[in-house]
Amino acid sequence: MTNKKSKRRRSSPPSSKKPESFSGPNRLLQVLLAAVVGATAIIFVFVWMTPIDDELEKSSSNLAIDAAALPTESALPGPVVSSSSAQIHPVPPSEATTVLPTEPAAIDVAVLQDELLGLANSITQSYPDDAGAFHFAAQVHYGLQQSQVAEEAWRKCLALSPTVPGPYAGLAELLNKSGRESQSIELLKSAQARGIDSYEMALQLAAAYENTGELELASKSLEAAVESYPSEDGLWLALARVQNQLSEFDKAELTIARAIELAGESEPALFIQMSALARQGKRELASQTQAKLAELNAARTANIVQFQDTYESVLRELAGNAMLSMSAVYEEHHDLDKAEKWLLRALELSPDNGQAYMSLASVYRKQANLASALSVHRKLIQLQPRNMLNYTNLASLQLQAGDIVQAETTLNQAISLDSSDVLSLSALARLKLATGNLAEARMFAARVLQLNYSVESLMLVAVIAETSGEIETARSAIAEARKLNPAHPLLNQREESTKQ
Amino acid sequence: MHDQLEGSSPKIPPPFYPATAVNSILVQLYRQYRHSLDISKRQKRCTGCDSIWPKFLGNLPANRSNQWLIILFAILCLCPSQPKADDITKINLVDVTDQTGMSFVHTDGASGRHYVVESMLAGLAIFDYDGDGLLDVYCLNGSALPGTVVATPPTNVLYRNLGGFKFQDVTEKAGVADAGYGLGVVAGDYDNDGDYDLVISNFGPNSFYLNNGDGTFTDITGFTGTSAGERFGAGVAFLDIEGDGDLDLYCANYQKFTFDQHITRMVRGYQFHPGPADYPPEPDMLFRNNGDGTFSDISEESGVSTVAGTGMGVIATDIEPDGDCDIVVANDSRPNFLFVNDGQGRFSENAMLAGFALDRAGRANGNMGVDCGDADGDGLIDIITTTFQAEMPVLYRNEGGGFFADVTNASRVSTSLLPHVNWGVSFTDFDRDGDRDIFIACGHFMDNIQYIDDRTTMMVQNYLLQNDGRGRFQDVSPMAGSGMQIIKSSRGAAIDDLDNDGRPDAVILNFNDQLSALQNRSADSNHWLGIRLVGVTSNRDGAGARVTLLCNGVRQVAEVYNGRGYQSHYGTQLFFGLGADLPDSMTVEVAWPGGKSQAYTITSIDQTVLLIQTE
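Here the protein sequences come in this chain order: W and V. The first sequence runs 278 to 777 under the numbering used here. The second sequence runs 1379 to 1993 under the numbering used here.
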């Protein structure tokens, strides 16, 4: 404990009282040195306590981050420890090297299709032992209705890596859509027997049973699947549809209600609901559902665009997703230049593709191109202003770039949009702690604790209390944390560092 | 040839022997053997499955008379001229196109510009135009489209049936060389004078041909008032909407299109025809027969024009049944229509609540053809629609009470149909075992489709799905004769008994190709009954009449349709397969349009009988 205090004190910003050593001609140098040390401390605290997360939908109200993603160092500010992922490149934002597209590029359908096929062929040639490359290639070929080549690619993928569910689901869907359900069933059952499963696989197995008239088997398989994957609306929808075909209308009514609860009222769901109600004699409810269905249908058919536009739109989306997958394969193989290239190409097709931006920012961070990463994260905020993760990610990068002021501004911006965003509040609390503004740090930490009573929040409070000299408060917080989860990694880390 | 029977109480005097059985004694012995093994009357043997021969070897009874039966039957099996036991229910459709004299080759206009109309193509009609008791064939043709120059404009073609599956082109003589872009056709005795008149739904104005009764027709389109102007025609049907005894006319419309609106579609660098979503839908039309040779357009007052669709196949059937004619319309990529008749010729569209608008997954398929028939033998008329590629044809079971359920999966309709576009369709008892099999004509309209979707090609096989008697189907196409091995791009299909041998034959119109003629040479052991209705107070064709046949305790129901399948006409002469057993009892009841029912005595089978309505 004493050592920790000493370490903290050594890294804490200089007090307002000027020591004698700071006077005279060396003052400027000493101030600069102190600033650098302080900035480094802030960076260390911020970066290691705020891992950049590329998940688009991560809840911002839950601080219980996956322990595996937590830094192994103490939660308390300590001496600067450089690491490969925390290199400091204080590059001003204005020097970003990438120009991001703002409008979708026009496409020539035939050219784009050839480009996609070329992509699929080249990646499998570049990485002939990479199952992911063949999975990607299969998806492209399947999307372009080249089912024979797609099937070959998926089979090759499975031969290389027979334990991943995605290719099983893809191949099964291809077989089902070719009228070869018996092969699909054999493929999926053998995979499931080896413990490989996913909700997509379950859906395809049920579809195979359903298409071949084995409705009882389809029903049983879907009933098991919804227990394993209760939040997958597609399974509930399929189950309701099968129950209708089995004339189990009362069950179908309940099942489709669950699907609607999960995913809202779609035309297929409303149709199934209407059928189930009508067949039970609930004519008034059926008519009400029919009216909703008619509204949705009218809205859709009123907006039917010409085929060519629809086809281009679908192709554009397919191509964008294909290029995302392609870049992931290249990134996996550390070919970051190619990964960047295909992400930028994906963004040319669809400048609003949030996932592409996330992936591109990841690539730039790996390339140590912070300026471009910053530019991408700013773009993400424009695209997804309500995704709070974008703000914490940007702030983290700004800090890495040495721009503390901007980092704080970004976090304040997040909080102004959502005053209950725990991630932003937590990050701000840490930033305030690192910059020595303990009162505000305490205030933000208290707010975090109020919103999210968790080990992480309690540890944050403890850290700040400790820094403020409020030892009893710190101990109390830690004790509460231990009561919540004595085995929490943060507590274990603290104990280990205490022993050190 | 026909026994004319008037309504009377049914009476079947024993013994009941088939009128034309040559080897009836041997067949009778086989039947006795089957009864002794207690084989179900409806049990089918898989073609190619284990022959009945091992059953003989393993089950030789001790009784001497039965042993004699078995030995005799064994000899029967060895005689090549005798049908093998496992051929009893085998369907054999033989390609006899080259022998018929029907050299008709369809054209889509060949503009090269991929107009939307070129992807629709046409139906055909089988009907007895000259009243000689032999069914004739009328094929619709395309015509020159903008951008095409032809020396001789293509026309529709009428083939007169000469008997023995020989046909003669009598188009010019008959005066039906219509040069419009033919899409749908229906035959019907609109003036109740005893002969079939003809209506052709064109891309453009309709054509209405009056049968003069002497083998010729006269174009009376203008007189009837059924031209309907420049429109994108589709399926047509004659029906009696208010039960007043004459035929009214329903005309489906596909979409609002004129050539100046033509657009091109490109898919993977290949040009594609525009489709149902590229132009606005168009309401259908209903014309009431005024009884004086003219029609009145009652589309609006009848309610049929309150909704707009992309109509293709049309059929008039009594859904409930309540004695009036309802209308079923297959819409392309839009919900199907079910117009329910209030009995007075006013219709309300009710397909959605009835369960017919969409398929089991709530999808509006690219519905093309439509046919009605009792698929599962429950006495209720079911519906089947054919669909676009990557969609299954949809079998809707009539659940009673005005409800339909998509039972495509439960009925085991072969999923090998999924990749293909299918058009012509018919519920027909090809093997005469008392249940409705399904014929489906398939083919794409793009000659480069395999580069866009490699699961199908332009030319593919047609399909024959055999009913197991319970409304479940098996794809027997590979084993059903040379006619089912034809690989063309097929469209309209018409099924009827062209050679009056009691076995339904098929004529298929093919895209930019010669038609196909298939003669049914299925094994000859099953019995049959053909019924042709003659209305007196009802319309003369009996269109809309429902016939219930009760034979050996098994009920079959059929209706008379003028217009069905893919924009085609056939089967107004009803056909009932009776299976292998001679009837112990048989009753026929006809529910005529307008509500009156009458029962008839049938004294012979294996022939066609005329049932005349009595007042």
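Ideal Cβ positions, reconstructed from N, Cα and C, are used throughout, including at glycine. Small disclaimer: the values here were computed from a predicted structure and weren't measured.
Query	Result
Residues, ordered as in the chain, of the region 522–534 of chain W that lie near chain V by beta-carbon distance below 7 Å	Q522
V1707(V) versus V1682(V), Q1722(V), G1701(V), residue with shortest Cα-Cα distance	V1682(V)
For A704(W) and A718(W), believed in contact at Cβ under 8 Å, the rounded distance	About 11 Å; that fails the 8 Å criterion.
Inter-residue Cα distance where the pair is L512(W) and Y476(W)	8 Å
As assigned by DSSP and simplified to three states, the class of W619(W)	helix
E544(W) at chain V interface by Cβ criterion, 8 Å	yes
Proximity of P1654(V) and D1710(V) at Cβ, strictly below 8 Å	yes
Minimum Cβ-Cβ distance from P1532(V) to chain W less than 8 Å	no
Cutoff 8 Å: N1787(V) Cβ touching any chain W Cβ	yes
For R759(W), the three-state DSSP class (helix, strand or coil)	helix
Top-ranked residue by Cα proximity to L482(W), from S508(W), P442(W), P507(W)	P442(W)
Residue span of the beta strand (DSSP E) that contains Q1985(V), given as start and end	1985–1990
Beta-carbon contacts of H1413(V) that lie in its chain and below 8 Å, excluding the five residues immediately before and after	Here H1413(V) scores only 43 on pLDDT, less than 50, and its place in the model should not be relied on; the value that follows carries that caveat. If we look at H1413(V) and ignore the five residues flanking it on each side, it has no Cβ neighbours.
C-beta atoms of D2026(V) and P1961(V) nearer than 8 Å	Outside the displayed range of chain V (1379 to 1993) lies residue 2026(V), so it cannot be described from this structure.
Boundaries (first-last residue) of the beta strand (DSSP E) holding V388(W)	Per DSSP, V388(W) belongs to no beta strand (DSSP E); it is in the alpha helix (DSSP H), 386–403.
Beta-carbon proximity list for A1995(V), same chain, < 6 Å, skipping 5 on both sides	Any answer about residue 1995(V) is impossible in this case: the structure gives chain V only from 1379 up to 1993.
Where the alpha helix (DSSP H) containing Q460(W) begins and where it ends	458–470
Simplified DSSP state of G1779(V), which is helix, strand or coil	coil
Alpha helix (DSSP H) segment containing S734(W), residue limits	732–744
Below-8 Å beta-carbon distance, D567(W) vs any chain V residue	According to the sequence as given, residue 567(W) is Gln; it is not Asp. Q567(W) counts as touching chain V.
For E1698(V) and D1809(V), the rounded distance between their alpha carbons	29 Å
Through-space distance from T1979(V) to A579(W), alpha-carbon basis	56 Å
Min CB distance R556(W) to chain V below 8 Å	yes
Interface partners of A1819(V) on chain W, CB under 9 Å	The premise fails here: A1819(V) is roughly 18 Å from chain W at the closest Cβ pair, so nothing lies under 9 Å.
Pair within 8 Å by beta-carbon distance, T1599(V) and N1590(V)	no
For E715(W), the nearest candidate out of Q727(W), D698(W), D510(W), V740(W) (CA to CA)	Note that residue 715(W) is Leu in the sequence shown here, rather than Glu. Of the candidates Q727(W), D698(W), D510(W), V740(W), the one whose C-alpha sits nearest the C-alpha of L715(W) is V740(W).
Under 9 Å by beta carbon: chain W residues contacting I1326(V)	Since the first residue of chain V shown is 1379 and the last is 1993, residue 1326(V) is not available in this structure.
Partners in chain W for T1793(V), counting only beta-carbon separations shorter than 7 Å	G456, E458, N488, T489
Backbone CA spacing between A517(W) and D698(W) [nearest angstrom]	38 Å
Interfacial residues, the region 400–422 of chain W to chain C, with Cβ spacing under 9 Å	Considering every chain present, this structure includes no chain C. Its protein chains are W and V.
Nearest residue (CA-CA) to V417(W), options E500(W), A599(W), S403(W)	A599(W)
Environment of S1386(V) [buried if 16+ CB atoms lie within 10 Å]	Residue placement at S1386(V) cannot be trusted, given a pLDDT of 34 that sits under 50; what the coordinates show is reported in the next sentence. Per the 10 Å Cβ criterion, exposed.
Under the three-state DSSP convention, the category K643(W) falls into	helix
Burial state of F1637(V) (16 or more Cβ within 10 Å)	exposed
8 Å Cβ cutoff, F1805(V) in contact with chain W	no
Neighbourhood of L671(W) by C-beta, 6 Å cutoff - its chain only, sequence neighbours within 5 removed	H654, T687
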